[in-house]
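Numbering (full-length UniProt numbering), first residue to last: 1 to 691. Below you'll find the structure, written out as structure tokens, and then a few comments.
Okay, here's the thing in structure tokens:
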């Protein structure tokens, strides 16, 4: 994927400004009850201007109410615009290609747009894959850079967990037959574009709940303002004072807009869009905002061992020589036996011998050598060679304990008992022993270690600080699982796990009220991914797993689940922090406007009004107080847009600690900032003679 544009680039600002005016249509405004009240308030004051209530003061109220609506539109438009550029780049990958469809075993060229679910298509070198599908025959390398941004081609093959292919990617070697798994317009790429553009973004349960709360507060303030008008009429008669010029309809409307939670109402959509956008920047596609929120509330992380906690490729870390065998001689034979082993394990043996003993197999006579490649069937690799024509053939093999034991017994040898303890010790540590033989003699063992990913233990420690437990699930035996779990620092583990065990684990935990996250890439992971509250499917995985999960990682990096949890928590914290700030703002605006409006009530020549002492900001007049509060109310939306898009800074910690921290910063800050801002605006507009 391409890198996302900066938050405030000129192109984004201009595009968002244009969209801000387009969103003035009622069909957009009515979706946000708080802003809809502000929208109607601006229209009402504008109508009053044309109905004989024109004044410079009322005009300023109308303008700043309109700006409040426009700034709110700008916040959501800016968040949406950041995804449009990414969506446009993805659309360019949708090539209208010709597909080679298999009909009764024969290739027929058809338009890719005519393909249907279940069709078989042949793709070879240079072909763009015409539709989402699964490889049902063959193996090939595929360039997925248009989707993932990763330049290195990846292997796609039939019959495994790396069989899914995506429309718009390109075959760079060999030939494969794919089975189409999506209809036109419903491919993975189509859904990615819709999600990035925000076209399918629906409000999450938390957003809906918060919207109801904000709407209730707005209704309460509407009732309050109505009653305030009645109070003003009654007290005018009781105090024998005329408040008609101070308590006007435009003034009361301005007071209403200042008191309702317009700040969070304006930023709520932007916060949600930005949360999904931050995932996209990490090459993760969330199918719904609900999944992102759920990630922030996760109680238990279920992680596979291989590829998630460990690197996935076992690495050679030690040579263990048999009695009376020199370790360097063992390393030399192990290296020779691994030259034709193209697996990561085989390459690591060659590298270990080279690094430890500077062995490079430089003197090997290739003309008198026969390489035996590693095979999953034989579980061995090796070489047969002679150092000179007069010498006998040296048969060197490296492989699993069972394979080598059977091999040397066929040659008349026997497995040395002295090496059994070493093999058992390797297994107890969670490693894998490989045995090296020369002819019918066993030379020793190689310790293959499932290497823990760097920094993973520290990440799990951070999870614990957040109150999240980690559970490693693996198909390995108990001893291997226990060793890896101890080294990685997970809270618990389950060994010899089947798909059914995974699914039942999640269901049982959910019955206890826990929220669960897990990763997976295989068809057998699909039920558990679908059951989990956050199911992170690997893009390299099967179509079934990608459909089952509610998130897809384009980089296919299972450890990214830890980043997703942090992004989810940051989203929830940002929404909570800005809600706190918005509601706290009302206290300052109340002290700005109410005393200014009613400060002279019941005042005499000797005494000031009863409410005058509440004018602690000492604002110039009731009109300057109203305009200053309105200006601050509008500008604070723009000033908080970068925070809404970036999210509040997050560091692992307990919920209580984070709550206290946010109340201090955004609660107290939300009270103090308006006092300072409104006073400064009051001094500015008074000095300019605007009121």
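Here a beta-carbon is modelled for each residue, glycine too, at the ideal position from N, C-alpha and C.
Proximity test, residue i beta-carbon vs the ligand NAP heavy atom, cut-off 6 Å
| i | result |
| --- | --- |
| residue 539 | Inclusion of the ligand NAP in the displayed structure is not the case, the ligand content being empty and no account of it being possible. |
Proximity of residue i and residue j at Cβ, strictly below 7 Å
| i | j | result |
| --- | --- | --- |
| residue 16 | residue 66 | no |
| residue 71 | residue 638 | yes |
| residue 622 | residue 691 | no |
| residue 511 | residue 300 | no |
| residue 531 | residue 501 | no |
| residue 670 | residue 557 | no |
| residue 266 | residue 75 | yes |
| residue 707 | residue 331 | It is not possible to answer for residue 707, since the shown part of the chain is limited to 1 through 691. |
| residue 283 | residue 14 | no |
| residue 472 | residue 309 | yes |
| residue 178 | residue 165 | yes |
| residue 695 | residue 115 | Within the shown structure, residues of the chain are numbered from 1 to 691, placing residue 695 beyond reach of any answer. |
| residue 433 | residue 420 | no |
| residue 118 | residue 296 | no |
| residue 561 | residue 523 | no |
| residue 572 | residue 294 | no |
| residue 517 | residue 529 | no |
Per DSSP, cross-strand counterpart(s) of residue i
| i | result |
| --- | --- |
| residue 258 | In DSSP, residue 258 forms no bridge with anything. |
| residue 111 | 98 |
| residue 156 | 140 |
| residue 385 | 369 and 394 |
| residue 738 | Since the first and last residues shown for the chain are 1 and 691, residue 738 lies out of range. |
| residue 318 | 447 |
| residue 310 | 452 |
| residue 207 | For residue 207, which the question treats as bridged, DSSP gives no partner whatsoever. |
| residue 128 | 170 |
| residue 178 | 121 and 135 |
| residue 552 | 285 and 537 |
| residue 493 | 472 |
| residue 519 | 536 |
| residue 677 | Answer is none; residue 677 lacks a bridge partner. |
| residue 165 | 133 |
| residue 300 | 469 and 516 |
| residue 441 | 438 |
| residue 661 | DSSP, once it has assigned bridges, lists no residue as partnering residue 661. |
Span separating the alpha-carbon of residue i from that of residue j
| i | j | result |
| --- | --- | --- |
| residue 228 | residue 69 | 24 Å |
| residue 242 | residue 236 | 6 Å |
| residue 174 | residue 138 | 8 Å |
| residue 386 | residue 396 | 11 Å |
| residue 377 | residue 405 | 15 Å |
| residue 251 | residue 61 | 8 Å |
| residue 184 | residue 549 | 21 Å |
| residue 410 | residue 435 | 16 Å |
| residue 723 | residue 105 | There is no way to answer for residue 723, as the model of the chain reaches only from 1 to 691. |
| residue 429 | residue 479 | 7 Å |
| residue 600 | residue 59 | 25 Å |
| residue 642 | residue 674 | 18 Å |
| residue 461 | residue 320 | 34 Å |
Buried/exposed call for residue i, threshold 16 Cβ in 10 Å
| i | result |
| --- | --- |
| residue 677 | buried |
| residue 610 | exposed |
| residue 246 | buried |
| residue 615 | buried |
| residue 199 | At residue 199 the pLDDT is 42, less than 50, meaning the model places this residue with poor confidence; the figure from the coordinates comes in the next sentence. Residue 199 comes out exposed. |
| residue 598 | buried |
| residue 144 | buried |
| residue 360 | exposed |
| residue 10 | exposed |
| residue 113 | exposed |
| residue 493 | buried |
| residue 3 | Annotation note: pLDDT 44 at residue 3 (below 50); position unreliable, coordinate value reported separately. Under this definition residue 3 is an exposed residue. |
| residue 50 | exposed |
| residue 684 | exposed |
| residue 498 | exposed |
| residue 73 | buried |
| residue 613 | exposed |
Cutoff 7 Å: residue i Cβ touching any chain E Cβ
| i | result |
| --- | --- |
| residue 486 | Of the protein chains in this structure there is only one, and it is not chain E. |
Q: Answer yes if the region 210–221 comes into contact with the region 251–269, meaning at least three C-beta pairs across the two stretches below 8 Å, and no otherwise.
A: Cβ pair count under 8 Å is three or more, so yes.
**Q.** Inter-stretch contact (C-beta, 8 Å, three-pair minimum) for the region 163–181 and the region 120–130
**A.** The region 163–181 vs the region 120–130: in contact.
**Q.** Stretch pair the region 441–461 + the region 274–284: three plus CB contacts closer than 8 Å
**A.** Fewer than three beta-carbon pairs drawn from the region 441–461 and the region 274–284 are found closer than 8 Å, and the two stretches are therefore not classed as touching.
Q. Between the region 654–666 and the region 569–585, do three or more beta carbon pairs fall short of 8 Å?
A. Put simply, the region 654–666 touches the region 569–585. At least three CB pairs are less than 8 Å apart.
(Q) For the region 331–349 against the region 431–450, do three or more pairs of beta-carbon atoms, one drawn from each stretch, fall closer than 8 Å, so that the two count as touching? (A) Taking 8 Å as the limit for Cβ pairs, the verdict is that the region 431–450 does touch the region 331–349.
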